[in-house]
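Here the structure is laid out as structure tokens; the discussion comes afterwards.
Number of protein chains: 2
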Amino acid sequence: MPPVPNPPGDGSMRAPTIKDVAELAGVGFKTVSRVLNDEPNVRPETRERILAAVAELGYRRNSIASSIRRRDQRTSSIGLIVEDLANPFASSLTRAVQDYALERQHLVLVGSSDGVPERESDLVAEFSARRVDGLILVPNGTDQSYLEIERAHGIPVVFVDRPGRGIEADTVISENALGVAEAVRHLAAFGHTRIAFLGDLPTIHTTERRLAGFRTAMAELGTGPDPRHVRTGLRDGDRAYRAAVELFGLDPAPTALICGNNLITIGAVHALQHLGLRDRVAFIAFDDLELADLLRPALTVIAQDTAAIGTSAARALFERLQDPAAPYRRISLPVRLIPRSSGEIRASDPPEPRTGD
Amino acid sequence: MPPVPNPPGDGSMRAPTIKDVAELAGVGFKTVSRVLNDEPNVRPETRERILAAVAELGYRRNSIASSIRRRDQRTSSIGLIVEDLANPFASSLTRAVQDYALERQHLVLVGSSDGVPERESDLVAEFSARRVDGLILVPNGTDQSYLEIERAHGIPVVFVDRPGRGIEADTVISENALGVAEAVRHLAAFGHTRIAFLGDLPTIHTTERRLAGFRTAMAELGTGPDPRHVRTGLRDGDRAYRAAVELFGLDPAPTALICGNNLITIGAVHALQHLGLRDRVAFIAFDDLELADLLRPALTVIAQDTAAIGTSAARALFERLQDPAAPYRRISLPVRLIPRSSGEIRASDPPEPRTGD
DNA sequence: CGGCAAGCTGACAACGTTGTCGACAACGTG
DNA sequence: CACGTTGTCGACAACGTTGTCAGCTTGCCG
Numbered sequence: 001m002p003p004v005p006n007p008p009g010d011g012s013m014r015a016p017t018i019k020d021v022a023e024l025a026g027v028g029f030k031t032v033s034r035v036l037n038d039e040p041n042v043r044p045e046t047r048e049r050i051l052a053a054v055a056e057l058g059y060r061r062n063s064i065a066s067s068i069r070r071r072d073q074r075t076s077s078i079g080l081i082v083e084d085l086a087n088p089f090a091s092s093l094t095r096a097v098q099d100y101a102l103e104r105q106h107l108v109l110v111g112s113s114d115g116v117p118e119r120e121s122d123l124v125a126e127f128s129a130r131r132v133d134g135l136i137l138v139p140n141g142t143d144q145s146y147l148e149i150e151r152a153h154g155i156p157v158v159f160v161d162r163p164g165r166g167i168e169a170d171t172v173i174s175e176n177a178l179g180v181a182e183a184v185r186h187l188a189a190f191g192h193t194r195i196a197f198l199g200d201l202p203t204i205h206t207t208e209r210r211l212a213g214f215r216t217a218m219a220e221l222g223t224g225p226d227p228r229h230v231r232t233g234l235r236d237g238d239r240a241y242r243a244a245v246e247l248f249g250l251d252p253a254p255t256a257l258i259c260g261n262n263l264i265t266i267g268a269v270h271a272l273q274h275l276g277l278r279d280r281v282a283f284i285a286f287d288d289l290e291l292a293d294l295l296r297p298a299l300t301v302i303a304q305d306t307a308a309i310g311t312s313a314a315r316a317l318f319e320r321l322q323d324p325a326a327p328y329r330r331i332s333l334p335v336r337l338i339p340r341s342s343g344e345i346r347a348s349d350p351p352e353p354r355t356g357d
Numbered sequence: 001m002p003p004v005p006n007p008p009g010d011g012s013m014r015a016p017t018i019k020d021v022a023e024l025a026g027v028g029f030k031t032v033s034r035v036l037n038d039e040p041n042v043r044p045e046t047r048e049r050i051l052a053a054v055a056e057l058g059y060r061r062n063s064i065a066s067s068i069r070r071r072d073q074r075t076s077s078i079g080l081i082v083e084d085l086a087n088p089f090a091s092s093l094t095r096a097v098q099d100y101a102l103e104r105q106h107l108v109l110v111g112s113s114d115g116v117p118e119r120e121s122d123l124v125a126e127f128s129a130r131r132v133d134g135l136i137l138v139p140n141g142t143d144q145s146y147l148e149i150e151r152a153h154g155i156p157v158v159f160v161d162r163p164g165r166g167i168e169a170d171t172v173i174s175e176n177a178l179g180v181a182e183a184v185r186h187l188a189a190f191g192h193t194r195i196a197f198l199g200d201l202p203t204i205h206t207t208e209r210r211l212a213g214f215r216t217a218m219a220e221l222g223t224g225p226d227p228r229h230v231r232t233g234l235r236d237g238d239r240a241y242r243a244a245v246e247l248f249g250l251d252p253a254p255t256a257l258i259c260g261n262n263l264i265t266i267g268a269v270h271a272l273q274h275l276g277l278r279d280r281v282a283f284i285a286f287d288d289l290e291l292a293d294l295l296r297p298a299l300t301v302i303a304q305d306t307a308a309i310g311t312s313a314a315r316a317l318f319e320r321l322q323d324p325a326a327p328y329r330r331i332s333l334p335v336r337l338i339p340r341s342s343g344e345i346r347a348s349d350p351p352e353p354r355t356g357d
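Protein chains in written order, with the UniProt record's numbering: chain A, 1 to 357; chain B, 1 to 357.
Structure, rendered in structure tokens:
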């Protein structure tokens with residue numbers, strides 16, 4: 001890695017303004033503004049001269065200066081806050097939001113809250129200071145009422161994946177409960193009754209809904225779940241791994257397992273692998289994963305349509321910008337059970353309880 | 001999804017300014033500015049009154065107005081352009097850039113170019129119009145010389161994953177050639193000589209480097225690769241799938257396969273799966289994947305340190321902002337071969353050539 | 001008590017842009 | 001030729017903020 005000797009031997013280090021353009025073209029700077037904004041009443045010849053000057057200087061409109069003067073004060077940018085952009089759920093959501101926004105000439109500022117409420121509100125404050133036109137966020141913690149301030153200042157908010165608390169707003173959410181309930185029935189159809197559930201923090205709305213779907217469907221089966229087979233508070237793959245190992249040390253051990261999100265899935269599959277149970281315990285994961293269909297057995301999943309979630313959220317935001325007075329909407333998006341193998345393992349041959357590890 | 005009746009019954013729809021704050025506190029607006037910027041020479045009592053007014057109005061500094069007036073004109077935001085944010089390589093890179101930037105009070109505008117040069121330059125133009133303080137980008141196409149304009153206007157550029165063309169700039173790149181060469185030697189140690197390579201467009205720098213490493217190491221083995229065993233131009237998983245299927249219809253078929261990126265890997269593993277060859281053909285993938293260690297056989301990969309790449313790129317950009325005259329640097333980051341199983345399949349039992357499909 | 005520095009505060013210009021308005025030329029009409 | 005209308009263009013104010021500077025109030029020293 002040899003340093004390249006070539007320093008940036010440029011001159012100005014300062015972007016040209018419309019006044020520079022005007023001077024070069026020999027016109028008043030307001031006329032330049034007219035050309036740049038496609039306003040009428042500029043002689044074609046003058047227009048030409050100005051465009052030539054623009055090209056020569058490499059002028060780029062300063063749209064932040066523009067936005068402070070414009071009537072609507074819009075910055076043509078929106079803010080998006082997810083939990084962790086490196087998570088495939090978040091990144092594909094972000095991609096969808098971006099595409100929708102870009103079609104409408106808007107850029108997207110992105111931030112990761114890591115589930116920490118303070119980071120979330122810090123990011124909101126930063127976005128708000130940049131005067132984003134609107135916010136889309138995956139809310140954390142117990143209170144989003146602070147967002148009333150942003151809204152009162154004309155910055156609408158859309159919640160995605162979970163509803164905000166202490167505030168009413170447009171919200172886009174998957175049908176979490178229905179998805180898990182379907183998974184339970186699917187497993188039941190293969191003879192399972194001892195079905196376990198591993199979930200994230202119970203305070204997170206998605207965990208709560210998925211667990212609710214689990215309990216509802218388990219109740220339909222008769223006895224409901226064995227309380228020891230329901231574990232929550234699993235913030236990461238490691239904790240999920242340990243919880244899964246414990247699960248299969250129980251007597252009776254579950255014969256089927258449902259995991260509440262993709263991090264938990266990864267931890268749990270590792271655990272099943274370690275215990276040599278991957279072919280014997282039925283397994284259904286919430287959230288699809290890139291290689292899920294290549295595992296042996298291939299993972300049966302409850303897939304969210306992340307692109308549709310992002311697009312819906314973005315659409316809701318732009319509609320809200322157009323009509324701030326419309327009633328708030330709660331948009332539910334279906335999830336889809338994709339049977340691949342792991343969810344179709346029969347309960348006929350239950351693993352004998354293990355003695356420990 | 002019932003519409004919630006509650007309309008946003010707020011009043012102003014306009015964010016308060018320092019003048020509003022000043023009026024409420026009964027001071028001149030410049031004094032408010034002083035307090036907000038922690039400038040000296042404000043009586044503690046006055047300061048209190050102003051902070052109270054700020055809190056009461058929910059005032060948030062308009063940092064875009066601030067940035068047009070500030071001496072350095074900095075917006076405290078940077079732009080990042082990746083190929084596809086939904087790709088795990090891009091999203092984890094983005095996450096790292098974001099974290100580095102956020103620690104320095106900067107926000108990140110993100111865009112996906114999809115590998116289309118025009119989209120890339122459009123995004124650059126948009127970012128430039130927003131007056132980002134700097135740009136980090138994964139360049140596409142054959143020419144980035146248009147970025148000289150941005151740089152002349154004081155917006156530095158850092159290339160990541162690939163060098164820009166037609167322009168010199170700070171660049172952060174993985175040691176692609178070394179990684180693939182190591183993979184070839186690894187396979188050779190398990191008896192392979194008929195090793196195939198599947199790559200993306202040969203015009204992409206990473207493809208070119210990885211292929212170069214492949215050819216170098218193959219040459220060391222003696223004969224060099226069978227030309228029919230080297231396929232490039234595979235833009236997506238589907239094409240990679242078809243190429244892989246064709247590969248194993250050849251006589252002699254390769255006994256080992258190296259894939260040039262994660263999309264190709266997914267296509268190729270599907271192909272091996274379809275052909276029933278996953279346990280017989282040795283396989284090494286460039287780029288790690290989330291579930292790679294859970295496949296059977298687990299995927300041996302050449303892993304890039306995506307977080308380190310993102311952090312290095314961000315660091316390079318901030319250092320460039322501090323010292324625009326420093327010589328350009330080219331930063332190489334090591335890759336790591338992670339043996340898991342698929343790369344350690346011996347060549348002793350080669351699959352008989354297939355008759356076709 | 002006069003003088004002077006230091007602390008505090010506000011009036012005003014300026015950033016790069018858009019909005020408003022008026023000046024001026026060209027044109028058509030009576 | 002007088003007049004209004006239309007098209008073209010620039011001077012100027014304004015957006016919300018920071019930079020500059022001058023003015024006022026203190027407190028301290030002689």
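Built from N, CA and C at the ideal position, the CB exists for glycine as well. Since we're looking at a predicted model, the values are computed, not measured.
Is the beta carbon of residue i less than 7 Å from the beta carbon of residue j?
i	j	result
residue 265(A)	residue 243(A)	no
residue 184(B)	residue 218(B)	yes
residue 176(B)	residue 142(B)	no
residue 346(B)	residue 191(B)	yes
residue 309(A)	residue 333(A)	yes
residue 314(A)	residue 340(A)	no
residue 272(A)	residue 240(A)	no
residue 121(B)	residue 146(B)	yes
May I have the straight-line CA-CA distance separating residue i from residue j, to the nearest angstrom?
i	j	result
residue 201(A)	residue 35(A)	56 Å
residue 178(B)	residue 323(B)	32 Å
residue 8(A)	residue 326(B)	Low per-residue confidence applies at residue 8(A): pLDDT is 36, beneath 50, and the placement is therefore not dependable, though the value from the model is reported in the following sentence. Computed Cα separation, rounded: 8 Å.
residue 167(B)	residue 262(B)	28 Å
residue 64(B)	residue 237(A)	41 Å
residue 187(A)	residue 301(A)	12 Å
residue 108(A)	residue 291(A)	29 Å
residue 196(B)	residue 140(A)	48 Å
residue 130(A)	residue 62(B)	6 Å
residue 32(B)	residue 29(A)	33 Å
Smallest Cα separation from residue i: which of the options?
i	options	result
residue 156(B)	43(B), 175(B), 133(B)	133(B)
residue 160(A)	326(A), 322(A), 307(A), 347(A)	307(A)
residue 137(B)	331(B), 226(B), 80(B)	80(B)
residue 135(A)	76(A), 288(A), 193(A)	76(A)
residue 16(B)	331(A), 292(A), 154(A)	154(A)
residue 270(B)	44(A), 293(A), 99(A)	293(A)
residue 228(A)	249(A), 162(A), 43(A)	249(A)
residue 213(A)	182(A), 82(A), 51(A)	182(A)
residue 101(A)	247(A), 189(A), 318(A)	318(A)
residue 144(A)	130(A), 129(A), 119(A), 131(A)	119(A)
Does DSSP classify residue i as helix, strand or coil?
i	result
residue 267(A)	helix
residue 328(A)	strand
residue 337(B)	strand
residue 96(B)	helix
residue 231(A)	strand
residue 355(A)	Only weak support exists for where residue 355(A) lies, its pLDDT of 43 falling under 50; the value from the coordinates is given anyway. In this structure, residue 355(A) counts as coil in the three-state DSSP scheme.
residue 154(B)	coil
residue 250(B)	coil
residue 223(B)	coil
residue 169(A)	coil
residue 300(B)	strand
residue 121(A)	helix
Given 8 Å, three or more beta-carbon pairs between the stretch 147 to 157 of chain B and the stretch 86 to 99 of chain B: Short answer: they don't touch.
Three CB pairs or more closer than 8 Å across the stretch 254 to 265 of chain A and the stretch 276 to 291 of chain A: Yes: at least three Cβ pairs fall under 8 Å.
Touch test, the stretch 163 to 176 of chain B against the stretch 110 to 128 of chain B, Cβ-Cβ under 8 Å, three pairs minimum: Because the criterion of three Cβ pairs below 8 Å is not met, the stretch 163 to 176 of chain B and the stretch 110 to 128 of chain B do not touch.
At least three beta-carbon pairs within less than 8 Å, the stretch 44 to 57 of chain B to the stretch 74 to 86 of chain B: Contact between the stretch 44 to 57 of chain B and the stretch 74 to 86 of chain B is absent: fewer than 3 CB-CB pairs across the two stretches fall below 8 Å.
Contact the stretch 201 to 214 of chain A vs the stretch 224 to 232 of chain A: 3+ CB pairs below 8 Å: The stretch 201 to 214 of chain A vs the stretch 224 to 232 of chain A: in contact.
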